[in-house]
Each structure stands twice: as structure tokens, then as C-alpha cells.
Amino acid sequence: MLLRHLIGLLRPDAGRVLVDGADVTRLHGRALDEVRRRYGVVFQGGALFDSMTCAGNVAFPLREKLRLRAAEVATRVEAALTQVGLEGMGSKYPAEVSGGMRKRVAIARALVTEPEIVFFDEPTTGLDPILVNTIHHLILELHRKLRFTAVMVSHEIPEIFEIADTVAMLHEGRIAEVGPPAVIQASPNPVVRQFIRGEPERAEGA
287 MLLRHLIGLL RPDAGRVLVD GADVTRLHGR ALDEVRRRYG VVFQGGALFD SMTCAGNVAF
347 PLREKLRLRA AEVATRVEAA LTQVGLEGMG SKYPAEVSGG MRKRVAIARA LVTEPEIVFF
407 DEPTTGLDPI LVNTIHHLIL ELHRKLRFTA VMVSHEIPEI FEIADTVAML HEGRIAEVGP
467 PAVIQASPNP VVRQFIRGEP ERAEGA
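Under the working numbering, the first residue of the sequence shown is numbered 287, with each subsequent residue one higher.
Put into C-alpha cells, the structure is as follows:
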């Protein structure tokens, strides 16, 4: 829900969504499309097309958004797959590769258009702890190399504290606290502490 508002797929009942000073909630048509061209999105579960190869999935936004020539599409797709560790895997279909590889394909697709802002919606859902750590560090490595702004929705605690510069804790539709990982981890806010420690909610009056 949060990412849909940031991307402009939903309109909030109140408030603004500012991207470099522009209120996305007030944009329509071509103006909104121009903002969205600056975005890359890694959808929850990857959202790959089963009928397309890994290369076809990565090429999709280049053909749909940028309408590049076939030769340039092929070059950029191979480069994107290589930078996520999938060199030579473009001819495989999603069903033929592991869950971790499918996550990498989804990341390559989000980055192939060279976006300024990349939204990650629970990018490690369904992975075992080792692969969670691997994908997190891949995202961190790509962020440092490509210098995009990353916005990630995640429930991975404490792993998220290792890769984030700023953490915002969302509780019942509001930001309970925001700050660097060290500040969040040391927060006296009972809601934040409960979430970090994985403590069950207490019944009222208990």
C-alpha cells in the first residue's frame, strides 16, 4: 500500500508525496509518466512473466518504456544480468532457476532502465536466512556501485539494520519512528521495541 502511493498508483485521502519537490498526488498523464520513468520496482515475489525467458523479463521495460533497438536491448540486458551474477542465464525460464535467481532477475529488470529511485517490496520474501543475507548484500553492493536511491519495505529484523541508512517504522498507518539504524535499535518507544524484539502484543488490562 505504501509503495503504491509513492509510485502514484493510489491517491491518498490526505497528505502529499513529494519527489524532488513535485507532489506526485497532483500529477497526471505525461507528467506522472515522466516521474515514473525515474523509478525501478522490485515487486514482492518478483512478479516475473513465466512465459518469458529471464532475458525477456529483463528486456520488458526497455521495450515498453524506452522502445530501444534490439541490439541495444540485448546489450543492456546482458549487462544487467551480469551485474546481478547471472551471466549466461538469459535463455533460462523462471521455472528453470532457483528462487534466489528469480529474485536476481527481478532486481536486474528493475535496474536495466538505470533508474534514480528503486522501490523494493519485500525483496527477500520466501527465501531462507542465507539467501536473505545474500540478496541484501547484493542490493547494498549495487546501491554503492550505481548510486540509486533505494526505498525498501521489509520485515527482516535485524538484517535490515545492516544495509539501511535510515529506517522508518510504520505502525497502524503512521510512522512510529524514523532515524538511523542505531537510533531505532535504541528507541524507548514501546511499539518499536516490541517489533524489534518480536514480542507478542499484551492483552489490554494484562
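Think of the CB as a built atom: it goes at the ideal place given N, C-alpha and C, for glycine as much as any other residue. Model, not experiment: these values are computed from the prediction.
- Task: Indicate the three-state DSSP secondary structure (helix, strand or coil) for Glu463 in the structure shown.
- Result: The residue you call residue 463 lines up with position 177 of the sequence shown. Reduced to three states, the DSSP call for Glu463 is strand.
- Item | Assigned secondary structure, Leu456 (DSSP; H/G/I helix, E/B strand, else coil) | Your numbering for residue 456 matches position 170 in the sequence shown. DSSP places Leu456 in strand when its eight states are reduced to three.
- Message: Taking only three categories from DSSP, how would you classify Met438?
- Response: As a first step, residue 438 must be located in the sequence shown, where it is residue number 152. DSSP places Met438 in strand when its eight states are reduced to three.
- Item | Length-filtered (4 minimum) alpha helix (DSSP H) runs lying within the region 317-363 | 340-347
- Return helix, strand or coil for Leu304, following the three-state DSSP convention. One-based indexing of the sequence shown puts residue 304 at position 18. Of the three classes helix, strand and coil, the one that applies to Leu304 here is strand, per DSSP.
- Report the rounded CA-to-CA distance for Arg251 versus Ala468, giving the unit in angstroms. Residue 251 falls outside the range modelled here, since the chain spans only 287 to 492, and no answer is possible.
- Item | Cβ-Cβ separation, Met438 to Pro409 (assumed contact under 8 angstroms), whole Å | Along the sequence shown, one-based indexing puts residue 409 at 123. Along the sequence shown, one-based indexing puts residue 438 at 152. Sure, about 7 angstroms apart at Cβ, within 8 angstroms.
- Query: What residue from Glu458, Thr452 and Asp336 has the CA that sits closest to Gly381's CA?
  - Reply: Here the question's residue 381 lines up with position 95 in the sequence shown. Here residue 381 turns out to be Ala, not Gly, going by the sequence shown. Taking only the C-alpha atoms, the option nearest Ala381 is Asp336.
- Query: Under a three-way DSSP split, which group does Val391 fall into?
  - Reply: Start at 1 with the first residue of the sequence shown, and residue 391 comes out as number 105. Note: Val391 maps to helix in three-state DSSP.
- Message: Please tell me whether Gly326 and Ala396 are closer than 8 angstroms, where the distance is taken between their beta carbons.
- Response: Position 40 of the sequence shown holds residue 326. Position 110 of the sequence shown holds residue 396. Yes, Cβ-Cβ distance for Gly326 and Ala396 is below 8 angstroms.
- By a C-beta neighbour count over all protein chains shown, 10 Å radius and 16 as the cutoff for buried, is Asp451 buried or exposed? The residue labelled residue 451 in the question sits at position 165 within the sequence shown. With fewer than 16 Cβ atoms within 10 Å of its Cβ, Asp451 is classed as exposed.
- Query: Going by other Cβ atoms of all chains shown within 10 Å of its Cβ, with 16 needed for buried, is Pro401 buried or exposed?
  - Reply: Position 115 of the sequence shown, counting from 1, holds the residue named residue 401. By the neighbour-count rule (16 or more Cβ atoms within 10 Å), Pro401 is buried.
- Keeping to the same chain, check which residues put their C-beta closer than 8 angstroms to that of Met287; ignore five residues upstream and five downstream. Stepping through the sequence shown from its first residue, residue 287 is reached at position 1. Correct list, in chain order: Leu296.
- Message: For the beta strand (DSSP E) containing Val383, name the first residue and the last one.
- Response: Residue 383 sits at position 97 when you count from the first residue of the sequence shown. First-last for Val383: undefined, no H or E at that position.
- Message: Checking the sheet assignment: what are the DSSP bridge partners for Val404?
- Response: In the sequence shown, counting from the first residue as 1, residue 404 sits at position 118. Paired residue(s): Gly326 and Ala436.
- Item | Other residues of its chain near Val477: CB distance less than 6 angstroms, five sequence neighbours each side excluded | Locating residue 477 in the sequence shown gives position 191, counting from the first residue. The residues are His457 and Ala462.
- Contact check, Ala341 vs Val321 under 8 angstroms by CB: the rounded distance? For the purposes of this step, residue 341 is identified with residue 55 of the sequence shown, where counting begins at 1. For the purposes of this step, residue 321 is identified with residue 35 of the sequence shown, where counting begins at 1. So it is not a contact: roughly 28 angstroms between Cβ atoms.
- Task: Tell me whether the beta-carbon of Ala394 lies closer than 8 angstroms to the beta-carbon of Ala366.
- Result: As a first step, residue 394 is located in the sequence shown; it is residue number 108 there, counting from the start. As a first step, residue 366 is located in the sequence shown; it is residue number 80 there, counting from the start. Yes, the Cβ-Cβ distance between Ala394 and Ala366 is below 8 angstroms.
- Message: For Val370, which residues in the same chain have their Cβ closer than 7 angstroms to its Cβ, ignoring the five residues on either side in sequence?
- Response: Indexing the sequence shown from 1 puts residue 370 at position 84. Cβ neighbours of Val370 beyond the five flanking positions: Arg390, Ile393, Ala394 and Leu424.
- Task: Please name the residue, chosen from Ile293, Lys378 and Ala300, that lies closest to Arg323 on a Cα-to-Cα basis.
- Result: For the purposes of this step, residue 323 is identified with residue 37 of the sequence shown, where counting begins at 1. If we check each option's Cα against that of Arg323, Ile293 comes out closest.
- Query: Can you list, in chain order, the residues of its chain whose CB lies under 7 angstroms from that of Thr311, leaving out five sequence neighbours each side?
  - Reply: To locate residue 311, count along the sequence shown from 1; it is residue 25. Arg297, Pro298, Arg302 and Val303.
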